[in-house]
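Visitor: Have a look at this one before I ask anything.
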Amino acid sequence: MPQVICTCYYCCKKTVVVNGVSQPGSKVDSSTRLRHEKKDRSSRSQSPSAARQNQAGPSPAENPGQHQAIQIILTTTLILVQAALAASGFNVTIPGIKIPNDIRTAYKICSIEPEIQHIICCPQCFSIVPRPIPWRCQWKASPRSRACNTDLWKLRGTGAGPKWVPQCLFTMQSFDSWLRFFLSRRVIEENLEQTFHRHRTARQSAAFGSTMHDVQDSPAWQGLYDSVQSPYHLTFAIYIDWFNPYTNRIAGKTVSAGTIMLYCLNLPPHLRYRIENMFVIGITPTPHAPDIITISHLLDPIMTAVLKYASTPGESVPTSKHPDGTPIVVKVVPLVADLEANKKASGFLSHSATFYCSFCYSKKSDVENLDIRSWTLRTGAEVRSQANIWLGKITKAERAAEETKTGVRWSAFHRLPYWDPVDHNILGPMHNWNDGVLQNHLRLLWGVGRDTKEEQKQKEIEVEDRWTATDISESASELEELRQEAAEHSAEAALAMEQMIPPNSLSPSPLNNPLSPSTPTQALMSHDFDMHDINDQDYIPPVSLDSPPFDFTSSQLQAIRTGIRDVSLPTWVQRPPTNLGEAQHGKLKAYEYLTLFIWIFPLIIPEIWYSIQASDHDHDQLECFHHLVSATNIVSSFTTSFAKADKYTHHYTHYRILIQKLFPHFPSKPNHHYAMHNGNLMKRWGPLPCLSENFGERVNGMLQRINTNSRLNDLDLTMLRQISRRGRLEAKLHDGADKASKKLAPILDPPSLFDSKSHDGLWMIKASALNDSEYDTLLSYLHQTGRPYRRWDSLPHPDGSLVLRTTVARPRQIVWNNHTFSCQKSHKGNSAIYFFDPTTQSRRTGFIEKIWELPLDNILRIFVVVRAHQILPPDIEAKAPFLHYSGFQTRILYSQPSNELIIIEPIHIITHLTTLERPTGTYGINCPTLVVCWALDRGQQH
1 MPQVICTCYY CCKKTVVVNG VSQPGSKVDS STRLRHEKKD RSSRSQSPSA
51 ARQNQAGPSP AENPGQHQAI QIILTTTLIL VQAALAASGF NVTIPGIKIP
101 NDIRTAYKIC SIEPEIQHII CCPQCFSIVP RPIPWRCQWK ASPRSRACNT
151 DLWKLRGTGA GPKWVPQCLF TMQSFDSWLR FFLSRRVIEE NLEQTFHRHR
201 TARQSAAFGS TMHDVQDSPA WQGLYDSVQS PYHLTFAIYI DWFNPYTNRI
251 AGKTVSAGTI MLYCLNLPPH LRYRIENMFV IGITPTPHAP DIITISHLLD
301 PIMTAVLKYA STPGESVPTS KHPDGTPIVV KVVPLVADLE ANKKASGFLS
351 HSATFYCSFC YSKKSDVENL DIRSWTLRTG AEVRSQANIW LGKITKAERA
401 AEETKTGVRW SAFHRLPYWD PVDHNILGPM HNWNDGVLQN HLRLLWGVGR
451 DTKEEQKQKE IEVEDRWTAT DISESASELE ELRQEAAEHS AEAALAMEQM
501 IPPNSLSPSP LNNPLSPSTP TQALMSHDFD MHDINDQDYI PPVSLDSPPF
551 DFTSSQLQAI RTGIRDVSLP TWVQRPPTNL GEAQHGKLKA YEYLTLFIWI
601 FPLIIPEIWY SIQASDHDHD QLECFHHLVS ATNIVSSFTT SFAKADKYTH
651 HYTHYRILIQ KLFPHFPSKP NHHYAMHNGN LMKRWGPLPC LSENFGERVN
701 GMLQRINTNS RLNDLDLTML RQISRRGRLE AKLHDGADKA SKKLAPILDP
751 PSLFDSKSHD GLWMIKASAL NDSEYDTLLS YLHQTGRPYR RWDSLPHPDG
801 SLVLRTTVAR PRQIVWNNHT FSCQKSHKGN SAIYFFDPTT QSRRTGFIEK
851 IWELPLDNIL RIFVVVRAHQ ILPPDIEAKA PFLHYSGFQT RILYSQPSNE
901 LIIIEPIHII THLTTLERPT GTYGINCPTL VVCWALDRGQ QH
């Protein structure tokens, strides 16, 4: 094969002679040159800033020659500028600029390097090890238990030879350092003062049942904030969750890392959940998560860090307005976590316990009891007392008996003097409701995704007959627990059991020499998880073949899938899989369950069960579905009140009554009981989405995308350092305090021209003339809204009069409240809107037909032309179920829009709609119809 000249990045460093002339390049095969060129294009397609965004460690420039060239260009430019000034008579010395070779130097110059603390802990029980560090862990599960005895040191190979290093480190970010950074920002301090003055001058009456839009409107916030005498009394919610850093994409790598994060509830919602304002205080060591006992070991140093600021008058910390320091008080409440993390961290027992509920003394045997008045509620004082009694027990057996009696263990949170283990405990709505109640209804009760009975029975037989390494490990774990229990009561029994060899050991492993470097690391703590526990939200129990459960018919299931395919959705809503129920689409996300049940199913499901000839069973199914959707709309809303909380409890209680009747094969789970407490949580804390795990899950996603080079030893350190750097860097960009960052921010994130000062020249390029009808309609709207503009041809115009232009720009779409709204011809889903009509003072639905943009009062204004939907006559509309089931937030209309055009402004848009066109004959209506749902705003614009 003839060779060709390659001049790729690497080959051009070489020299090749062609016709006696030396030139950069190398002779290679044509296929090799293609491969080199492809690699070059791939390298160029990623900008250096993007490549370094999540880079794990120190990074010398990818191209040293390029780095040197830029340095030479800058130096030469400065020399020329200095020479030019000198020639003009100005003797100025311009300091040189040196570009850092190492990214760490750049971090240091920009002051975005976080202060990281490394705490030595046991790799098995996670107990914090004091200095001097022993060879083995001395922690005991109870005063009379045997020590953990796990090796705390290991040999690591280094360039200088083997080196003894700690087995495990818990990586924390310094709370003192971060608090100084947080309060040094003027935007933070100004918003803290605004919250303080707003609470003082215009206190919300949420305790008396008014509408609550945020945590700051809630009785719980008033209870925490009423005694506050300064804007510097801060309340932080704490979020805890575990995730797989490898995102399940690398086969065989199942690793668990835990995020522990704080976010300040004193900030308004638009700032509260930004990454630069949230504090990732620590990431738990990999590869396994702590258990219900050892979680407190990792929480202890965090509690110590925040307890420093717990008592008044507080600790002095410099701020942007008080550089010499001002007293700061910090409270860490509430706890936000999924069910597993919540139980671990707060000290309550799991789903399988007799007293499984964190809010009441309901027993597992009473899970079907729906009479809330018969429940005995827990109090914070009682739980604290029970936790102290548990802590005072000296054997594991005594502690086990005590926790069985009360459902409570000691937790590190009990160290906080202001902590109420009941009132300050949030039931995460994302996992409890979306991944819990809704998933259970879809997969288990409706059977969409439920395994077939034969497959389920076969799986059970296979599981029962299989003896795996897990079984062996569990047997060894059980033997170890028996040995420890024996040690607490009888030294002789312990000695006898010590001679036994565990099933997973080939030979005894004497540990006589505590300094031996060859001592193997103990196996990770095993947990006996019952894979067939009915409390597991993903578990699908076997059912009787003699009395099969509910299933949609094949035609009904196909109608549901067709509806999912055909429903129009705005671009910000991800369409759920159109093969719903098949294994190929994988596990649904929590947000997809919410999308299905409140934005899509209300358009489809009623057709299955609603008709004049509907049976009592079909009527009950529709009633059950309506109660579920109604409760979902309330619990997922960003607006609530005491009345709405009571309405939620009404709908959810009736839903549970009906599922007990309709689905007798499937008993309620503890998760169903937990959701009964959501009404009280809304009354106490306000809208639950404001305290959802969703904000923490977003941070987990950022951590998963960080390049850690799969180095398990320092994976948690890398993630914590990078997410902390990112937060501080984004603070520099968004705050605008630094001049260079202030200029850089609009380059990285260009601002919209919307509602900004207009540049007539730029606007005129896009402008086109309004026809007479459009002009008159716009002028009429301006007059109706109190803006006295004159027609352009009403000559002569008095001095200072406002004359309406005849030309407008016609963008196809605009962005409002972070959502895109488009003309119908551009995108149907983005054009369907629920809006407020200022001329009739009513809420209506329609499609956006046109968007006009023009300068008024030197401000670029947006006007939206909406073609209203055509309403069916009342007697025809009553044939459909939506007038009778208002909780669906859905209506049926003529498919053909009306001739009425309505002008509104973006501020009048409430939300997008989901829409579904229905053929003639649907619900007995003799014309094509359109079903629309306006639940997408979730109370944010009402």
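Number 695 in the UniProt record's numbering belongs to position 695 of the sequence shown; there are no gaps in the numbering. The C-beta atom is built at its ideal place from N, Cα and C for all residues, glycine as well.
1. Please classify residue 160: is it buried, with 16 or more other beta-carbons within 10 angstroms of its beta-carbon, or exposed?
2. Are the beta-carbon atoms of residue 354 and residue 343 separated by less than 9 angstroms?
3. So, with DSSP's three-state summary, where would you put residue 723?
4. Hey, how far is the Cα of residue 224 from the Cα of residue 122?
5. Would residue 872 pass as a contact of residue 894 if the rule is Cβ separation under 9 angstroms?
6. Let me know the beta strand (DSSP E) ranges lying completely inside the stretch 234-299, each 3 residues or longer, listed in chain order.
7. Report, in whole angstroms, the separation of the C-beta atoms of residue 634 and residue 648, which I expect to be a contact under 8 angstroms.
8. Here's a check: name, in chain order, each residue in its chain whose Cβ is nearer than 6 angstroms to the Cβ of residue 279, leaving out the five neighbours to either side.
9. Kindly indicate which three-state DSSP category residue 132 falls into: helix, strand or coil?
10. Tell me whether residue 947 sits in a helix, a strand or coil according to DSSP, three-state version.
11. Under 8 angstroms: do the stretch 430-437 and the stretch 588-601 share three or more Cβ pairs, one atom per stretch?
12. Can residue 368 and residue 389 be called in contact, C-beta distance under 9 angstroms?
13. Taking only three categories from DSSP, how would you classify residue 789?
14. Beta-carbon separation of residue 114 and residue 721 under 9 angstroms?
15. Where do the ends of the beta strand (DSSP E) carrying residue 834 lie?
16. Excluding the 5 residues preceding and the 5 following residue 521 in the sequence, name in chain order all residues of the same chain whose CB lies nearer than 8 angstroms to its CB.
17. Is residue 770 helix, strand or coil when you go by DSSP?
18. In terms of alpha-carbon separation, which member of 625, 293 and 360 lies closest to residue 943?
19. Measure the C-alpha to C-alpha separation of residue 602 and residue 888 and round it to an integer number of angstroms.
20. Which residues mark the beginning and the end of the beta strand (DSSP E) in which residue 912 is found?
21. Going by Cα to Cα distance, which pick from 677, 728 and 610 is closest to residue 924?
22. Can you give me the Cβ contacts of residue 926 inside the same chain, cut-off strictly under 7 angstroms, excluding the 5 residues immediately before and after it?
23. Could you say which of 117, 118 and 148 lies nearest to residue 968 if we only look at CA atoms?
24. Are residue 598 and residue 935 touching if we call contact CB-CB under 9 angstroms?
25. Distance check for residue 291 and residue 140, CA to CA, integer angstroms please.
26. How is residue 676 classed by DSSP in three states: helix, strand or coil?
27. Give a yes or no on contact between the stretch 550-557 and the stretch 406-421, applying the rule of three or more CB pairs nearer than 8 angstroms.
28. Nearer than 8 angstroms: is that true of the beta carbon of residue 160 relative to any heavy atom of the ligand ADP?
29. Among residues of its own chain, excluding the 5 on either side of residue 195, which ones have a beta-carbon nearer than 8 angstroms to its beta-carbon?
30. On the DSSP letters alone, give me the boundaries of the beta strand (DSSP E) that residue 165 sits inside.
31. From what residue to what residue does the beta strand (DSSP E) around residue 843 run?
32. According to DSSP, simplified to helix, strand and coil, what is residue 92?
33. Assign residue 162 to buried or exposed, taking buried as 16 or more other Cβ atoms, counted over all protein chains shown, within 10 Å of its Cβ.
34. Considering only their Cβ atoms, is the gap separating residue 327 from residue 315 smaller than 9 angstroms?
35. Smallest Cα separation from residue 98: which of 31, 74, 692 and 85?
36. Is the beta carbon of residue 850 closer than 9 angstroms to that of residue 810?
Guide: Let me lay it out:
1. Position 160 of the sequence shown holds residue 160. Residue 160 is classed as exposed because its beta carbon has fewer than 16 other beta carbons within 10 Å across all chains shown.
2. Start at 1 with the first residue of the sequence shown, and residue 354 comes out as number 354. Start at 1 with the first residue of the sequence shown, and residue 343 comes out as number 343. The criterion of a C-beta distance shorter than 9 angstroms is not satisfied by residue 354 and residue 343.
3. If you number the sequence shown from 1, residue 723 lands on position 723. The three-state secondary structure of residue 723, taken from DSSP, is helix.
4. Reading the sequence shown from its first residue, position 224 is the one you call residue 224. Reading the sequence shown from its first residue, position 122 is the one you call residue 122. For the pair residue 224 and residue 122, the Cα-to-Cα distance works out to about 36 angstroms.
5. Residue mapping note: residue 872 aligns to position 872 of the sequence shown, counting from 1. Residue mapping note: residue 894 aligns to position 894 of the sequence shown, counting from 1. In this structure, residue 872 sits near residue 894, with a CB-CB distance shorter than 9 angstroms.
6. Complete beta strand (DSSP E) runs here, min 3: 257-264 and 278-283.
7. Numbered from its first residue, the sequence shown carries residue 634 at position 634. Numbered from its first residue, the sequence shown carries residue 648 at position 648. Contact holds; Cβ gap of about 4 angstroms.
8. Walking along the sequence shown from the start, residue 279 turns up at place 279. Excluding residues within five positions, the ones whose Cβ falls inside 6 angstroms are 178 and 262.
9. The count along the sequence shown starts at 1 and reaches residue 132 at position 132. Coil at residue 132, not helix or strand.
10. Nothing can be reported for residue 947: it is not among the residues displayed for the chain, which extend from 1 to 942.
11. These segments touch.
12. Counting from one through the sequence shown, the residue named residue 368 turns up at place 368. Counting from one through the sequence shown, the residue named residue 389 turns up at place 389. For residue 368 and residue 389, no; Cβs fall outside 9 angstroms.
13. Along the sequence shown, one-based indexing puts residue 789 at 789. It is a strand residue.
14. Residue numbering aside, residue 114 sits at position 114 when the sequence shown is read from its first letter. Residue numbering aside, residue 721 sits at position 721 when the sequence shown is read from its first letter. Cβ atoms of residue 114 and residue 721: closer than 9 angstroms.
15. Stepping through the sequence shown from its first residue, residue 834 is reached at position 834. DSSP places residue 834 inside the beta strand (DSSP E), whose first and last residues are 832-837.
16. Working through the sequence shown from its first residue, we reach residue 521 at position 521. Annotation note: pLDDT 32 at residue 521 (below 50); position unreliable, no value reported.
17. Numbered from 1 along the sequence shown, position 770 holds the residue referred to as residue 770. Here residue 770 sits in coil by DSSP.
18. As displayed, the chain neither begins before 1 nor continues past 942, which places residue 943 out of reach and without an answer.
19. Stepping through the sequence shown from its first residue, residue 602 is reached at position 602. Stepping through the sequence shown from its first residue, residue 888 is reached at position 888. Using only the alpha carbons, I get a separation of about 6 angstroms.
20. Along the sequence shown, read from residue 1 onward, the residue named residue 912 stands at position 912. Going by DSSP, residue 912 is part of the beta strand (DSSP E) stretching over 909-912.
21. What you label residue 924 is simply residue 924 of the sequence shown in a count that begins at 1. Looking at the Cα atoms, 610 is the closest of the given residues.
22. Here residue 926 is taken as the residue at index 926 of the sequence shown, counted from 1. Answer for residue 926: 920, listed in chain order.
23. Since the first and last residues shown for the chain are 1 and 942, residue 968 lies out of range.
24. Here residue 598 refers to the residue found at position 598 of the sequence shown. Here residue 935 refers to the residue found at position 935 of the sequence shown. In this structure, residue 935 lies closer than 9 angstroms to residue 598 by Cβ.
25. By 1-based counting over the sequence shown, the position of residue 140 is 140. By 1-based counting over the sequence shown, the position of residue 291 is 291. Whole-angstrom Cα-Cα distance: 15 angstroms.
26. For the purposes of this step, residue 676 is taken as residue 676 along the sequence shown, with counting starting at 1. Coil.
27. Verdict: no, contact absent.
28. With respect to the ligand ADP, the structure shown offers nothing to examine, as it has no ligands at all.
29. In the sequence shown, counting from the first residue as 1, residue 195 sits at position 195. Counting only Cβ-Cβ distances below 8 angstroms, and skipping sequence neighbours, we find 216, 231, 266, 267 and 268.
30. Taking the first residue of the sequence shown as 1, we reach residue 165 at position 165. Per DSSP, residue 165 belongs to the beta strand (DSSP E) from 161-166.
31. Locating residue 843 in the sequence shown gives position 843, counting from the first residue. Element bounds for residue 843: 842-856.
32. By one-based count along the sequence shown, residue 92 stands at place 92. Of the three classes helix, strand and coil, the one that applies to residue 92 here is coil, per DSSP.
33. Translated into positions along the sequence shown, residue 162 becomes position 162. That one is exposed.
34. Here residue 315 is taken as the residue at index 315 of the sequence shown, counted from 1. Here residue 327 is taken as the residue at index 327 of the sequence shown, counted from 1. Result yes, Cβ atoms of residue 315 and residue 327 sit closer than 9 angstroms.
35. If you number the sequence shown from 1, residue 98 lands on position 98. With respect to the C-alpha of residue 98, the residue from 31, 74, 692 and 85 having the closest C-alpha is 74.
36. Counting from one through the sequence shown, the residue named residue 810 turns up at place 810. Counting from one through the sequence shown, the residue named residue 850 turns up at place 850. With a cutoff of 9 angstroms on beta-carbon distance, residue 810 and residue 850 are scored as near each other.
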